[in-house]
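Please read the structure below before turning to the comments.
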Amino acid sequence: GEDVEQSLFLSVREGDSSVINCTYTDSSSTYLYWYKQEPGAGLQLLTYIFSNMDMKQDQRLTVLLNKKDKHLSLRIADTQTGDSAIYFCAETSTLTFGKGTMLLVSP
Amino acid sequence: EAGVTQFPSHSVIEKGQTVTLRCDPISGHDNLYWYRRVMGKEIKFLLHFVKESKQDESGMPNNRFLAERTGGTYSTLKVQPAELEDSGVYFCASSQPYRGANTGELFFGEGSRLTVL
Chain A
238 GEDVEQSLFL SVREGDSSVI NCTYTDSSST YLYWYKQEPG AGLQLLTYIF
288 SNMDMKQDQR LTVLLNKKDK HLSLRIADTQ TGDSAIYFCA ETSTLTFGKG
338 TMLLVSP
Chain B
133 EAGVTQFPSH SVIEKGQTVT LRCDPISGHD NLYWYRRVMG KEIKFLLHFV
183 KESKQDESGM PNNRFLAERT GGTYSTLKVQ PAELEDSGVY FCASSQPYRG
233 ANTGELFFGE GSRLTVL
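Taken in order, these protein sequences are the chains called A and B. Going left to right, the first sequence walks through residues 238 to 344 as my numbering numbers them. Going left to right, the second sequence walks through residues 133 to 249 as my numbering numbers them.
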């Protein structure tokens with residue numbers, strides 16, 4: 238079956254960059270997504286990348302896609318305490334999410 | 133515009149009892165999905181409705197789970213009888229299908245937490 242794997246926890250200091258990594262198995266996904274879940278809230282779409290792109294930048298967020306290795310990463314520049322949340326990568330062709338990476342940003 | 137709403141936000145029941153979760157998708161969204169996250173594990177797909185029809189129910193764990201979407205609007209997910217391992221957060225999401233530039237983004241509700249004692 239298809240799997241999406243992520244590291245479970247990342248801790249950084251405010252102002253540092255955060256990099257959250259994800260590997261997936263289904264190469265037929267048209268889009269790959271990053272969702273964010275803040276405490277007590279549902280998942281919200283943070284950003285996405287079309288599968289024929291290598292990189293997408295959106296303000297403090299940079300998404301890198303390596304299709305050959307099926308590796309997706311999310312870089313958050315100048316991480317803020319408000320960025321503390323659980324981040325899920327997802328491929329939608331199989332409606333599969335990873336377990337989520339908890340990002341903890343300390344002042 | 134209202135987002136995806138789920139009810140109840142938290143339900144605590146005893147093993148063997150029945151619980152019904154409800155999801156109201158965003159108005160006009162034909163696609164409705166149910167997901168479940170058991171503590172410490174990944175968010176697992178349960179099933180997908182397109183309007184009132186079950187498009188894919190391959191993620192439903194067993195026949196104790198019954199999902200309906202009569203009329204193609206809101207959906208219910210019933211667990212009967214509930215077991216301890218059913219505890220988790222049940223998320224509902226809705227979307228429009230892929231069309232042109234539409235990315236098919238899923239819009240999630242806040243989830244219904246189920247605790248089975």
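Ideal placement from N, C-alpha and C gives every residue a C-beta, glycine not left out. Note that the coordinates shown come from a computational prediction; the quantities given were computed from them, not determined experimentally.
Review point. Among A:Ser343, A:Leu311 and A:Lys304, which one has its Cα closest to the Cα of Asp263 of chain A?
Key: Taking the first residue of the first sequence as 1, we reach residue 263 of chain A at position 26. Closest option to Asp263 of chain A, Cα to Cα, is A:Lys304.
Review point. Name the chain A residues that come within less than 8 Å of Glu242 of chain B, Cβ to Cβ?
Key: On the second sequence, position 110 is the one that residue 242 of chain B refers to. Under the 8 Å cutoff, chain A gives Gly277, Ala278 and Gly279.
Point to revise | Cβ distance (whole Å) where Leu247 of chain A is taken to contact Ser255 of chain A below 8 Å | key: What you label residue 247 of chain A is simply residue 10 of the first sequence in a count that begins at 1. What you label residue 255 of chain A is simply residue 18 of the first sequence in a count that begins at 1. The pair is a contact, with the Cβ atoms about 6 Å apart (cut-off 8 Å).
Check your understanding: Measuring CA to CA, which of A:Asp306, A:Glu242, A:Leu282 and A:Arg250 is closest to Leu298 of chain A?
Key -> Working through the first sequence from its first residue, we reach residue 298 of chain A at position 61. Answer by Cα proximity: A:Leu282.
Practice item. Within its chain, find whatever has a CB closer than 8 Å to the CB of Ala199 of chain B; leave out the 5 residues flanking it on each side and keep chain order. Key: As a first step, residue 199 of chain B must be located in the second sequence, where it is residue number 67. These residues qualify, in order along the chain: Trp166, Leu178, Leu179, Phe181, Lys186, Glu189, Met192, Ser207, Thr208, Leu209 and Lys210.
Review point. Thr333 of chain A touches chain B at which residues, Cβ-Cβ below 9 Å?
Key: Start at 1 with the first residue of the first sequence, and residue 333 of chain A comes out as number 96. Those are Glu174, Ile175, Lys176 and Phe177, listed as they occur along chain B.
Point to revise | Burial state of Leu309 of chain A, where buried means 16 or more other Cβ atoms lie within 10 Å | key: Stepping through the first sequence from its first residue, residue 309 of chain A is reached at position 72. For Leu309 of chain A, the number of other beta carbons within 10 angstroms of its own is at least 16, and it is reported as buried.
Review point. Any Cβ of chain A within less than 8 Å of the Cβ of Val248 of chain B?
Key: Walking along the second sequence from the start, residue 248 of chain B turns up at place 116. No, Val248 of chain B does not count as interfacial toward chain A.
Review point. Going along the chain, which unbroken runs of the beta strand (DSSP E) with 3 or more residues stay wholly within the region 144-191 of chain B?
Key: List check, beta strand (DSSP E) in window: 151-156, 163-169, 175-182 and 185-188.
Review point. What does DSSP give as the partner residues of Ala199 of chain B in its beta bridges?
Key: Locating residue 199 of chain B in the second sequence gives position 67, counting from the first residue. Per DSSP, B:Leu209.
Check your understanding: Should the region 149-158 of chain B be regarded as contacting the region 318-325 of chain A, the criterion being three or more beta carbon pairs within less than 8 Å?
Key -> Touching, no.
Exercise for review: Specify the secondary structure class of Glu328 of chain A as computed by DSSP and reduced to three states.
Suggested key: Reading the first sequence from its first residue, position 91 is the one you call residue 328 of chain A. Residue state, collapsed to three classes: strand.
**Study point:** Closest residue to Thr247 of chain B among B:Thr150, B:Thr205 and B:Val136 (Cα-Cα distance)
**Key:** Sequence index remark: in the second sequence, residue 247 of chain B carries index 115 (1-based). Nearest in C-alpha terms to Thr247 of chain B, of all of B:Thr150, B:Thr205 and B:Val136, is B:Thr150.
Exercise for review: State the Cα-Cα distance for the pair Ser265 of chain A and His161 of chain B, rounded to the nearest angstrom.
Suggested key: Here residue 265 of chain A refers to the residue found at position 28 when the first sequence is read from its first residue. Here residue 161 of chain B refers to the residue found at position 29 when the second sequence is read from its first residue. In this structure, the alpha-carbon of Ser265 of chain A lies about 24 Å from that of His161 of chain B.
Review point. What residues in its chain sit with their C-beta under 7 Å from that of Arg201 of chain B, if we drop five residues either side in the sequence?
Key: Numbered from its first residue, the second sequence carries residue 201 of chain B at position 69. Excluding the 5 residues flanking it on each side, Arg201 of chain B has same chain C-beta neighbours closer than 7 Å at Leu164, Phe181, Glu184 and Ser207, in chain order.
Check your understanding: Shortest alpha-carbon distance to Cys326 of chain A belongs to which of A:Leu301, A:Gln296 and A:Gln317?
Key -> The residue labelled residue 326 of chain A in the question sits at position 89 within the first sequence. Comparing alpha-carbon positions, the option among A:Leu301, A:Gln296 and A:Gln317 lying closest to Cys326 of chain A turns out to be A:Leu301.
**Study point:** Within 8 Å, strictly: CB atoms of Glu354 of chain A and Tyr285 of chain A
**Key:** With chain A running from 238 to 344 in the structure shown, residue 354 of chain A is simply not present.
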